[in-house]
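Enquirer: Residue numbers (our numbering): 107 to 701.
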């Protein structure tokens, strides 16, 4: 059923809104909770969310994989030609691969959301910020991820897509905009230095150690940065490798360059190639407008910056579990060192690597000489079963049998899925409220709700939502160390499939977990392992089931948790996905020397 002609609102930026009737919000992301007093009074509807059906998720994933395989080699060739290089796809995957996979998911969501809306609705006109060509280009992956949630940036992108697909069929009213260069308007989180006496002493000690350790750097040292091993274990690993332990950090310098519009137009033309796939055509048009500055105009500057890093010049290997993603300096430096013969090892960053359905083979997996897992193996030669790094060598069972009930929540994710993740998160939050509604009085009075603390949570306004639900609830905003919250809890409940589950299970801390949609998000091959924890009453597939289990075991959580069948299920699961390790240094030396 189509409605009468409507004015389309694409983002929560109210400068693009009109009070005329009728109004259609493109999605729930347009309606901020803290502004409900405004939009609840409007004669407005919300368009149908895109892509939530499992079959649609599967189809979109297949389409993205095909686009990646087709377009990435062309892009590598164009970048090589412009930069006068002859680098292979592995080099460019390390440098731009994470951004490229992210922007593919972003565009399939934005394009298909617009398409579905226009197929089901009658749209008369919309407001879009006036902007220059290439104004959607941001400096790097970090700022790109921020822009993907930015209202002004998305408003301009939706305008580009509407114009490309529907041209004269929709009236676009362009609004004056003082910030034609969009990314300058993005709100970066302010950094506030901790000036406490303890922090000053720690800072002085680190500087003194750095000054000492720099004297012992050898050009062939293994370069280990953000391994995710506890610091004492990383220290012991470096000693076992015969080198002085370092505390490496990236020395960052901003590259203040704007996108070169003429250059990008020329590059855009070279990428043009007509296809029957509408999404591919749009991607070819928008790619060089979206490409971050660091990868095009700023790459020569980035090379200068990597040469300033006081790092080993010929490392025998490079090992990280984190810097492969947002650290542009590390990524380019690593790519160049691999070309020169250094080995590249990556540790598993968190959960979902092996277990999640419709997951890209992540860039760090396919570019590493060895990818070290937390216990699992997929049979491929560059995957090395290891152990859970974050809890390696730590004492188990650090909790309080008479303590609190800790509910650990996730934040609203960046709008970076092919489907409508905002609607999905609203359903998720409704599930959290159900969990509390089914709790008995005693555990409910002891509950602490741990929020993620990220900027995305603030946009969703979780604190206000919780206090509207129950003003007496105790909420931790993510500022308290999670280990301290766990130490004071008798039971930890994870409300999503998370890294935290692996950590508490590996530490043998009484754990429950629940989520929606059964095992829809899991690969078939791992479901039997998850079913073990369902059968043991650790994992639950509804909020009510999880609450009932809390009520059942609350008076003596220890007696429940220490039952043999519970412990056997826990150990079996952890042996695959969060394997314990008595001697992390010995195990790491064995893994690293096997390549």
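Note that beta-carbon positions come from the ideal geometry of N, C-alpha and C, so glycine has one too.
Nearest by alpha-carbon distance to residue 265: which of 246, 232, 604, 240 is it?
Expert: Out of 246, 232, 604, 240, 232 has the C-alpha closest to the C-alpha of residue 265.
Enquirer: So, do the segment 550-560 and the segment 568-580 have three or more beta carbon pairs nearer to each other than 8 Å?
Expert: Yes, they touch.
Enquirer: Assign residue 312 to one of two classes, buried (16 or more other C-beta atoms within 10 Å of its C-beta) or exposed (fewer than that).
Expert: Its Cβ having fewer than 16 others within 10 Å, residue 312 is exposed.
Enquirer: Residues in the same chain with beta-carbon distance under 7 Å from residue 110, minus the five sequence neighbours each way, listed in chain order, please.
Expert: If we look at residue 110 and ignore the five residues flanking it on each side, its Cβ neighbours are 128, 228.
Enquirer: If you follow the beta strand (DSSP E) that residue 141 is part of, which residue opens it and which one closes it?
Expert: That residue, residue 141, is in no beta strand (DSSP E); it is neither H nor E in DSSP.
Enquirer: Taking only three categories from DSSP, how would you classify residue 112?
Expert: Here residue 112 sits in strand by DSSP.
Enquirer: Should residue 498 and residue 336 be called a contact, given that it needs their Cβ atoms to be closer than 8 Å?
Expert: Yes, the pair counts as a contact, with Cβ atoms nearer than the cut-off.
Enquirer: Which same chain residues end up closer than 8 Å to residue 359 when comparing Cβ atoms and leaving out the 5 residues on each side of it in sequence?
Expert: Excluding residues within five positions, the ones whose Cβ falls inside 8 Å are 411, 414.
Enquirer: Does the structure place the segment 241-260 close enough to the segment 501-513 that three or more beta carbon pairs sit under 8 Å?
Expert: Too few Cβ pairs lie closer than 8 Å, so no.
Enquirer: So is residue 587 buried or exposed if we call it buried at 16+ other beta carbons inside 10 Å?
Expert: Exposed, by the Cβ-count rule.
Enquirer: Thinking C-beta only, is residue 522 closer than 8 Å to residue 211?
Expert: It is a contact, given that the beta carbons lie within the stated cut-off.
Enquirer: Leaving out five residues before and five after residue 433 in sequence, what residues of the same chain have Cβ atoms less than 6 Å from its Cβ?
Expert: Taken in chain order, the residues that qualify are 356.
Enquirer: Give the single residue among 641, 535, 579 whose Cα lies nearest to the Cα of residue 600.
Expert: Nearest C-alpha to residue 600: 535.
Enquirer: If you draw a straight line from the C-alpha of residue 391 to the C-alpha of residue 376, how long is it?
Expert: So the two alpha carbons sit approximately 10 Å from each other.
Enquirer: Can you tell me whether residue 447 is buried or exposed, with buried defined as 16 or more other CB within 10 angstroms of its CB?
Expert: The residue in question, residue 447, is exposed, as its Cβ has fewer than 16 Cβ neighbours within 10 Å.
Enquirer: If we count the other Cβ atoms within 10 Å of its Cβ and call it buried at 16 or more, is residue 490 buried or exposed?
Expert: When all chains shown are included, residue 490 counts as buried.
Enquirer: Between the alpha carbons of residue 397 and residue 164, how many angstroms are there, rounded?
Expert: Cα to Cα, the separation comes out at about 27 Å.
Enquirer: Could you tell me how far apart the beta carbons of residue 708 and residue 595 are, in whole angstroms, since I believe they sit closer than 8 Å?
Expert: Since the displayed the chain opens at 107 and closes at 701, residue 708 lies outside it and no answer follows.
Enquirer: Just curious, the beta strand (DSSP E) that residue 231 is in, first and last residue?
Expert: Taken as a continuous stretch (DSSP letters only), the beta strand (DSSP E) holding residue 231 covers 229-235.
Enquirer: Would you check if there are 3 or more beta carbon pairs closer than 8 Å linking the segment 541-548 to the segment 517-533?
Expert: No: fewer than three Cβ pairs fall under 8 Å.
Enquirer: Does DSSP classify residue 543 as helix, strand or coil?
Expert: Here residue 543 sits in helix by DSSP.
Enquirer: From the DSSP output, in three-state form, read off residue 633 for me.
Expert: Helix at residue 633.
Enquirer: Where does residue 627 fall in DSSP's three states?
Expert: Three-state DSSP puts residue 627 in coil, outside helix and strand.
Enquirer: Taking the straight line between their C-alpha atoms, what separation do you get for residue 204 and residue 578?
Expert: Straight-line Cα distance between these residues: approximately 42 Å.
Enquirer: Determine the direct distance from the alpha carbon of residue 216 to that of residue 55, and round the result to whole angstroms.
Expert: Here the chain covers residues 107 to 701 and nothing more, so residue 55 does not appear.
Enquirer: Can you tell me whether residue 146 is buried or exposed, with buried defined as 16 or more other CB within 10 angstroms of its CB?
Expert: Looking at its Cβ environment, which holds fewer than 16 other Cβ atoms inside 10 Å, residue 146 is exposed.
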